[in-house]
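Enquirer:
Numbering (mature numbering (1 follows the signal peptide of the UniProt record, and there is no 0)), first residue to last: -23 to -1, 1 to 115.
#1: Between residue 13 and residue 63, what straight-line distance do the alpha-carbon atoms span, to the nearest angstrom?
#2: Looking only at DSSP bridge pairs, what is residue 101 linked to?
#3: Go to residue 116, then tell me how far its beta strand (DSSP E) extends in each direction, as first and last residue.
#4: Counting only C-beta atoms, is residue 90 closer than 7 Å to chain D at any point?
#5: Under the rule that 16 or more other beta-carbon atoms within 10 Å means buried, what is residue 20, buried or exposed?
#6: For residue -2 and residue 46, what's the separation of their Cα atoms in angstroms?
#7: Where does residue 3 fall in DSSP's three states?
#8: Is it buried or exposed, residue 80, if we count other Cβ atoms within 10 angstroms and call 16 or more buried?
#9: If I measure Cβ to Cβ from residue -18 and keep anything under 7 Å in the same chain, skipping five residues before and after, which residues do I get?
#10: Report the partner residues of residue 85 according to the DSSP bridge assignment.
#11: Are residue 5 and residue 67 close, meaning C-beta to C-beta below 7 Å?
#12: Rank 72, 8, 24 and 23 by C-alpha distance to the C-alpha of residue 89 and give the top, closest one.
#13: Whose C-beta lies closer than 7 Å to the C-beta of residue 78 among residues of the same chain, with five residues either side of it excluded?
#14: In whole angstroms, what separates the C-alpha of residue 94 from that of residue 26?
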């Protein structure tokens, strides 16, 4: 099958339009995974300011950066994202993260934490949920 230059240009334009439309769509699941992974990497690297900035505005209004850093100073390693459940509208999700941590000289393996995330202001943020303090007091 031979195509004239004008036909090829038209076909290319259609393919580009279809590709742009597809590329323009965001995958909420992939975007959430990216945000959660970045947050936990910041925690591992002890980049507390960046980890704190992942929280939603209402959480940051309730807890200062200093309070967060004091409570978060925990050696975490070997994290993995075990499960991601999104709401139907893709605007909220619950993420199960499993990680290892060193607490008062003891290594705890396989700690499971469920985090609540929300999509707002064109990005994912960590919503109010249980804290590590709550987890260890059970």
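All residues carry an ideal CB built from backbone N, CA and C; glycine is no exception.
Expert: Short version:
#1: Here the question's residue 13 lines up with position 36 in the chain shown. Here the question's residue 63 lines up with position 86 in the chain shown. In a straight line, the C-alpha of residue 13 is about 13 Å away from that of residue 63.
#2: One-based indexing of the chain shown puts residue 101 at position 124. DSSP, once it has assigned bridges, lists 96 as partnering residue 101.
#3: Outside the shown range of the chain (-23 to 115) lies residue 116, about which nothing can therefore be said.
#4: Absent here is chain D; the protein component of the structure consists of one chain.
#5: Translated into the one-based positions of the chain shown, residue 20 becomes position 43. Burial call: buried.
#6: As a working note, residue -2 is residue 22 in the chain shown. As a working note, residue 46 is residue 69 in the chain shown. For residue -2, the predicted structure reports a pLDDT of 43, less than 50, and the residue's modelled location is therefore unreliable. A value from the coordinates is still provided. Residue -2 and residue 46: Cα-Cα distance of roughly 40 Å.
#7: Along the chain shown, one-based indexing puts residue 3 at 26. Here residue 3 sits in coil by DSSP.
#8: Here residue 80 is taken as the residue at index 103 of the chain shown, counted from 1. When all chains shown are included, residue 80 counts as exposed.
#9: Counted from its first residue, the chain shown places residue -18 at position 6. The predicted position of residue -18 is uncertain, since its pLDDT is 46 and thus under 50; no value can be drawn from it.
#10: Working through the chain shown from its first residue, we reach residue 85 at position 108. 78.
#11: The count along the chain shown starts at 1 and reaches residue 5 at position 28. The count along the chain shown starts at 1 and reaches residue 67 at position 90. A contact, by the Cβ cut-off of 7 Å.
#12: Locating residue 89 in the chain shown gives position 112, counting from the first residue. Cα-wise, what sits closest to residue 89 is 72.
#13: On the chain shown, position 101 is the one that residue 78 refers to. The residues are 51, 52, 53, 85 and 88.
#14: In the chain shown, the residue the question calls residue 94 occupies position 117. In the chain shown, the residue the question calls residue 26 occupies position 49. Their Cα atoms are separated by approximately 18 Å.
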